[in-house]
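K.L.:
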Amino acid sequence: MKLLSYIKRSIFSENVAGKVVLITGASSGIGEDLAYEYAVRGARLALVARREDRLRAVADKARNLGSPDVFQVRADISKVEDCRRIIDETLNHFGQLDHLVNNAGISQAAYFEDCTEVSDLTHIMDVNFWGSTFCSRFAIPHLKRSKGKIVVISSIAPWSLTPKLSVYNASKAALISFYGTLRLEIGSHIGITIVMPGLIDTEMTSPSSLAKYSVKYCPPNEPANQCAKAIVKSTCRGDRYLTEPSWWNALFMFKSLCPEALDLILCWAFMVNGAQKERRI
149 MKLLSYIKRS IFSENVAGKV VLITGASSGI GEDLAYEYAV RGARLALVAR REDRLRAVAD
209 KARNLGSPDV FQVRADISKV EDCRRIIDET LNHFGQLDHL VNNAGISQAA YFEDCTEVSD
269 LTHIMDVNFW GSTFCSRFAI PHLKRSKGKI VVISSIAPWS LTPKLSVYNA SKAALISFYG
329 TLRLEIGSHI GITIVMPGLI DTEMTSPSSL AKYSVKYCPP NEPANQCAKA IVKSTCRGDR
389 YLTEPSWWNA LFMFKSLCPE ALDLILCWAF MVNGAQKERR I
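Start counting at 1 in the sequence shown, then tack on 148, and there's your number in the working numbering.
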């Protein structure tokens, strides 16, 4: 039955040409490549980010790739009023909203016990979790009218439980739980695709960023444009969940069957014991 459903959804995949797609965190990484992938498919775009110059460059490229109308919104989604303004300005410009892509996110690079500034920790939740949920709250009435979709970019982090990312991991786990529940609450009125990317080639996984985590070994990264193609294709099919690359699905089974072994691997890969000893000397 699942195979037949997949085939049916693939055959009758949504055509987004002319539809309005709002993407947060669109100035770089997965969000940037999502803008390009939707542009190639002819969607009209509302691109949101804090870095105005970078956002302008992404918007220009999206137009060149085929988007008939690209609207830029400079905003900070950690602020409730900015979340409301993003939706209002998009509706004022386009008159409709078909896809909301909650992509914006930030990370951390510190052991929880070393985090002395609590505001830094709350900011991670404000951006990764509350920013996404507030944008969705303000968008839901409009998405119901268009029978639209919500795409939320979570992570495999809640399953891998990577050291030095405790609050980041928690924020991504909260997204999975929240949107899984929201799907039940709103029924078939709005499609929800929860995306769990593995290691993707973005600013967050650059050599300089990974150096902050004292990584001894890291699996290969998937190019962001390849990840974006998979996300848009999955969303247009109406998939409920997507793990990208798909081989990361093995992590879920390994976590269920051998949780202690996974913990040992993570401690080795991130040199947790060595780092703790250095801090205690």
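Ideal Cβ positions, reconstructed from N, Cα and C, are used throughout, including at glycine.
Everything numeric in this text was worked out from a predicted model, so none of it was measured.
#1: So what does glycine 339 bridge to, in DSSP terms?
#2: For leucine 323, count neighbouring Cβ atoms within 10 angstroms of its own Cβ and tell me buried if that reaches 16, exposed if not.
#3: Return the chain-ordered list of same chain residues with a C-beta closer than 6 Å to the C-beta of aspartate 181, the five sequence neighbours on each side being excluded.
#4: How about valine 196 and alanine 174: are their beta carbons less than 9 Å apart?
#5: Please go through the region 192-235 and give each complete alpha helix (DSSP H) segment of 4 or more residues, from N-terminal end onward.
#6: Using the three-state DSSP reduction, which class does tyrosine 496 fall into: helix, strand or coil?
#7: Check whether the region 243-251 and the region 162-178 are in contact - that is, three or more C-beta pairs closer than 8 Å.
#8: Leaving out five residues on either side along the sequence, give the residues of the same chain with a beta carbon under 7 Å from the beta carbon of aspartate 224.
#9: Is valine 249 helix, strand or coil by DSSP?
#10: Output needed for phenylalanine 219: all residues of its chain with C-beta closer than 6 Å, excluding positions within five of it in sequence on either side, in chain order.
#11: Expressed to the nearest angstrom, what Euclidean distance is found between the alpha-carbon atoms of alanine 258 and threonine 264?
#12: Could you check the C-alpha separation between arginine 232 and serine 308 for me, to the nearest Å?
#13: Run the CB neighbour count on threonine 341, radius 10 Å, all protein chains shown included, and call it buried at 16 or more, exposed below.
#14: Excluding sequence positions up to five away, which residues of its chain have a Cβ less than 8 Å from the Cβ of lysine 425?
#15: For arginine 331 versus glutamate 162, is the C-beta spacing smaller than 9 Å?
#16: Here's a check: name, in chain order, each residue in its chain whose Cβ is nearer than 7 Å to the Cβ of alanine 207, leaving out the five neighbours to either side.
P.N.:
Based on what the coordinates show:
#1: Beta-bridge pairing links glycine 339 to Lys297.
#2: A residue is called buried once 16 or more other Cβ atoms fall within 10 Å of its Cβ, and leucine 323 is buried on that count.
#3: Apart from the 5 residues on each side of it in sequence, aspartate 181 sits with its Cβ closer than 6 Å to the Cβ of Ala372, Asn373 and Ala376 in its chain, given in chain order.
#4: The answer is yes: Cβ separation under 9 Å.
#5: For the region 192-235, the full-length alpha helix (DSSP H) segments reaching 4 residues or more read 200-213 along the chain.
#6: Absent from the model: residue 496. The displayed extent of the chain is 149 to 429, so no value can be given.
#7: Taking a contact to require three or more Cβ pairs closer than 8 Å, the region 243-251 and the region 162-178 qualify as touching.
#8: Exclusion of the five residues before and after aspartate 224 leaves Arg198 and Asp230 as the residues of its chain whose Cβ lies within less than 7 Å of its Cβ.
#9: Correct three-state label for valine 249: strand.
#10: Residues of the same chain with a CB within less than 6 Å of the CB of phenylalanine 219, apart from the 5 flanking positions on each side, are Ala194 and His241 in chain order.
#11: Taken atom to atom, the span from the alpha-carbon of alanine 258 to that of threonine 264 is near 10 Å.
#12: Between the alpha carbons of arginine 232 and serine 308 lies a distance of about 33 Å.
#13: The residue is buried, with at least 16 neighbouring Cβ atoms inside 10 Å.
#14: In this predicted model, lysine 425 has a pLDDT of only 38, less than 50, meaning its place in the structure is not dependable; the value taken from the coordinates is given anyway. Cβ-Cβ distances below 8 Å link lysine 425 to nothing in the same chain once the five nearest sequence neighbours on each side are left out.
#15: In this structure, the beta-carbon distance from arginine 331 to glutamate 162 does not fall below 9 Å.
#16: Within its own chain, the residues whose Cβ lies closer than 7 Å to the Cβ of alanine 207, once the five positions on either side in sequence are excluded, are Leu195, Val218 and Gln220, listed in chain order.
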